[in-house]
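Engineer: The structure is given below, and queries will be raised subsequently.
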Amino acid sequence: ALTKSMHQFMACRTLAASFLFSVSPMMQSCVADMVPSERRGQLFGKLSFIGSFGTLVGQFASTSISETIICCGVHGWRLCLLIVGILSAGFSITMALFFEEPKRNRGEPTAATGGESGWKLMMKQQQQSIDWKSLKLPTFWLLVLQGIFGTIPWRAFGMFAIIWLEMIGYTPFQVAVVFSFGTCAASLGHLASGYIGDFAHSILPHSGRIYVAQFSVMSGLIMIYTLLTIVPDSGADDDADGTAGDGGNQKQDIVFLTVCIILLRFLAGWASNGTNRPIIADIAPPSSRASIYSYFCAMENIPSSFAGYLVSYLAENWFGFHSPKGEALASTDDSHKFQNQVREKEDNGTMSGISTVTATSKNVQALTMALQLMTILPWALTVLIYGFMHYTYRKDMLITEARIRESKENNKYIRQHKQQEQQQGQSSVIISRRMEDFTTNQTAVISFPAEVESLLNKRQD
């Protein structure tokens with residue numbers, strides 16, 4: 076909020092994103108510790124719903140006042156960032172003072188080797204920062220693999236959906252309204268997914284959540300296919316040549332588009348809270364749940380971040396998307412510039428109606444085919460990958476449960492040895508003091524506690 080240059084703003088934005096990213100793994104660990112496996116989906120869903128609702132409210136409030144000068148020459152966007160910073164600091168202080176973190180078993184020690192005592196070796200093993208055993212589980216890597224393919228369609232469609240809808244004839248206002256409904260549907264989908272995943276888990280403990288994810292991804296695949304095949308051929312496309320379309324058809328097209336977006340956002344997002352996050356909590360021990368989840372997020376998000384560039388490359392090099400003066404499709408500004416130049420030429424009479432329709436329709440077709448390839452194929456692979464999880468999830472969950480039991484037993488062993496050493500230390504102090512009395516006054520009658528008598532006789536010998 077107090078930055079004075081773009082470099083300062085970008086540096087602060089990078090730091091803020093880094094710190095905010097650490098919240099999700101910690102929340103994952105705390106939720107998994109607070110509730111049993113049968114109810115984790117509900118809590119994950121509620122948290123995601125609240126987060127989505129807060130995002131919607133924050134975007135609406137910040138957008139409405141971002142360019143407004145509030146007072147003393149302060150712009151609205153600075154005030155919004157300042158309020159967010161103050162609320163974040165207050166929330167952190169509140170959590171530190173009042174949140175009671177669940178107790179965890181801090182490690183997974185094994186039997187002693189070498190010359191070190193057993194509990195000392197165990198204490199060293201507890202300090203290991205990477206849980207390699209959890210990272211080697213097949214279920215974890217299947218989750219990572221499905222995450223890579225499963226997030227590609229969201230990245231690709233999310234980056235080019237607005238451009239694509241405007242190119243086929245919808246106005247920016249219509250697109251904004253439709254996507255507002257989609258955001259609300261996504262929030263409700265997050266809330267419902269947790270309850271649905273828990274219900275499926277109660278019926279089929281080792282497969283229910285996986286079936287929920289497969290149904291969700293298949294639903295998203297069907298809806299995205301419907302959007303990319305039927306919507307471009309609807310009445311909205313008839314307005315691309317500048318002619319007036321039928322008002323009734325336009326209303327039907329908007330309603331159809333809105334229904335498709337709502338169903339897509341509501342149904343296709345169940346996997347995260349209903350399946351992925353509860354399963355990660357089941358296959359990772361309490362001491363490493365946060366780190367395992369952070370590895371999962373990094374591994375699935377980094378490769379999928381290139382989805383937008385792949386759509387641009389495919390549209391231009393494979394399917395023949397052409398923009399004026401060789402401008403690339405990779406940026407939103409370039410795409411809008413292309414649309415504006417086409418409209419200006421059409422209005423000035425420098426481009427015939429037929430050539431305008433031909434250029435626009437070819438580009439729409441190219442971008443549509445690129446989006447189809449980058450959405451339908453990855454989600455089909457995601458459904459297939461989830462299928463393999465039916466054979467690995469139960470085995471990996473049992474392995475983790477055995478590790479947790481072993482960790483509890485080893486922690487009990489450590490506590491017992493600590494208590495024994497403390498008792499031996501106290502006894503040694505008593506013996507030393509009595510021996511000093513014995514050497515200064517050999518004629519004194521010295522009485523020792525019964526529990527120390529055997530240790531004293533050994534020391535005298």
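Under the working numbering, the residues of the sequence shown are numbered 76 to 536, in order.
The C-beta atom is built at its ideal place from N, Cα and C for all residues, glycine as well.
Does chain D have any CB closer than 8 Å to the CB of Leu-448?
Structural biologist: Within the model displayed, chain D is absent; a lone protein chain is all it includes.
Engineer: When burial is assigned at 16 or more other CB atoms within 10 Å of the CB, is Thr-169 buried or exposed?
Structural biologist: exposed
Engineer: If Ala-76 and Gly-148 are in contact, beta carbons under 8 Å, what's the gap, nearest whole angstrom?
Structural biologist: That belief does not hold up - the Cβ atoms of Ala-76 and Gly-148 are roughly 14 Å apart, past 8 Å.
Engineer: What is the DSSP secondary structure of His-150, counted as helix, strand or coil?
Structural biologist: Three-state result, His-150: strand.
Engineer: How would you call Leu-446, buried or exposed, if buried means at least 16 neighbouring beta carbons within 10 angstroms?
Structural biologist: By the 10 Å Cβ count, Leu-446 comes out buried.
Engineer: Rounded to whole angstroms, how far is the Cβ of Phe-128 from the Cβ of Ser-262, which I believe are closer than 8 Å?
Structural biologist: The distance from the Cβ of Phe-128 to that of Ser-262 is about 5 Å, consistent with a contact at the 8 Å cut-off.
Engineer: In three-state terms, what does DSSP make of Ile-479?
Structural biologist: helix
Engineer: Closest to Leu-459 by C-alpha separation, out of Tyr-286, Val-306, Ile-305 and Cys-87, would be which residue?
Structural biologist: Shortest Cα-Cα distance from Leu-459 to any of Tyr-286, Val-306, Ile-305 and Cys-87 involves Tyr-286.
Engineer: Spatial neighbours of Gln-289 within its chain, please: C-beta separation below 8 Å, excluding the five flanking residues on both sides.
Structural biologist: Val-458, Tyr-461 and Gly-462
Engineer: Measuring alpha carbon to alpha carbon, tell me which of Ser-362, Leu-302, His-397 and Met-449 ends up nearest Leu-338.
Structural biologist: Leu-302
Engineer: Have a look at Lys-23 and Gly-395 and give me their C-alpha separation to the nearest angstrom.
Structural biologist: The chain is shown from 76 up to 536; residue 23 falls before or after that span and cannot be answered.
Engineer: For Arg-469, I'd like the list of residues in its chain whose CB is within less than 6 Å of its CB, leaving aside the five on either flank, ordered along the chain.
Structural biologist: His-281
Engineer: Closer than 8 Å by C-beta to Met-298: which residues in its own chain qualify, once you throw out the five before and the five after it? Chain order, please.
Structural biologist: Cys-335, Leu-338, Leu-339, Leu-342 and Ala-343
Engineer: Could you check whether Ser-277 and Trp-345 sit closer than 8 Å to each other, using their CB atoms as the reference points?
Structural biologist: no
Engineer: Using the DSSP secondary-structure output, state which residues sit across from Ile-144 in a beta bridge.
Structural biologist: His-150
Engineer: Could you tell me the alpha carbon to alpha carbon distance between Phe-84 and Asp-357, rounded to whole angstroms?
Structural biologist: 40 Å
Engineer: In terms of residues, what are the limits of the alpha helix (DSSP H) holding Ser-277?
Structural biologist: 247-278
Engineer: Evaluate the contact criterion for the segment 473-484 versus the segment 227-246: three or more CB pairs, one atom per stretch, below 8 Å.
Structural biologist: no
Engineer: Taking only three categories from DSSP, how would you classify Thr-78?
Structural biologist: In the displayed model, Thr-78 falls within coil according to three-state DSSP, outside both helix and strand.
Engineer: Which residues in the same chain as Ser-369 place their Cβ atom closer than 6 Å to its Cβ, once the five residues preceding and following it in sequence are excluded?
Structural biologist: Pro-100
Engineer: Measuring straight from C-alpha to C-alpha, what distance separates Arg-88 and Thr-78?
Structural biologist: 10 Å
Engineer: Measuring CB atoms only, is the segment 208-226 touching the segment 347-366, in the sense that at least three cross pairs come out at less than 8 Å?
Structural biologist: yes
Engineer: Could you check the C-alpha separation between Tyr-270 and Ser-347 for me, to the nearest Å?
Structural biologist: 12 Å
Engineer: Terminal residues of the continuous alpha helix (DSSP H) containing Asp-357?
Structural biologist: 352-358 is the span of the alpha helix (DSSP H), which, as asked, contains Asp-357.
Engineer: Could you give the C-beta distance for Ala-441 and Ala-390, rounded to a whole number, given that I count them as a contact under 8 Å?
Structural biologist: The beta-carbon distance between Ala-441 and Ala-390, rounded to whole angstroms, is 5 Å. This is short enough to meet the 8 Å contact definition.
Engineer: Trp-207 lies in the alpha helix (DSSP H); which residues open and close that run?
Structural biologist: 207-210
Engineer: Just to confirm my understanding: we take Leu-156, look at its own chain, exclude 5 residues before and 5 after, and list those with CB closer than 8 Å. What are they?
Structural biologist: Ala-76
Engineer: Work out the CA separation of Pro-453 and Ala-256 for me, nearest whole Å.
Structural biologist: Checking the sequence shown, residue 256 turns out to be Phe, not Ala. Approximately 25 Å, taken between the alpha carbons.
Engineer: Alpha carbon to alpha carbon, how far is Thr-138 from Pro-247?
Structural biologist: 15 Å
Engineer: Cutting at 7 Å between CB atoms, please list the residues of its own chain near Val-439, excluding the five before and the five after it.
Structural biologist: Met-242, Ile-243 and Pro-307
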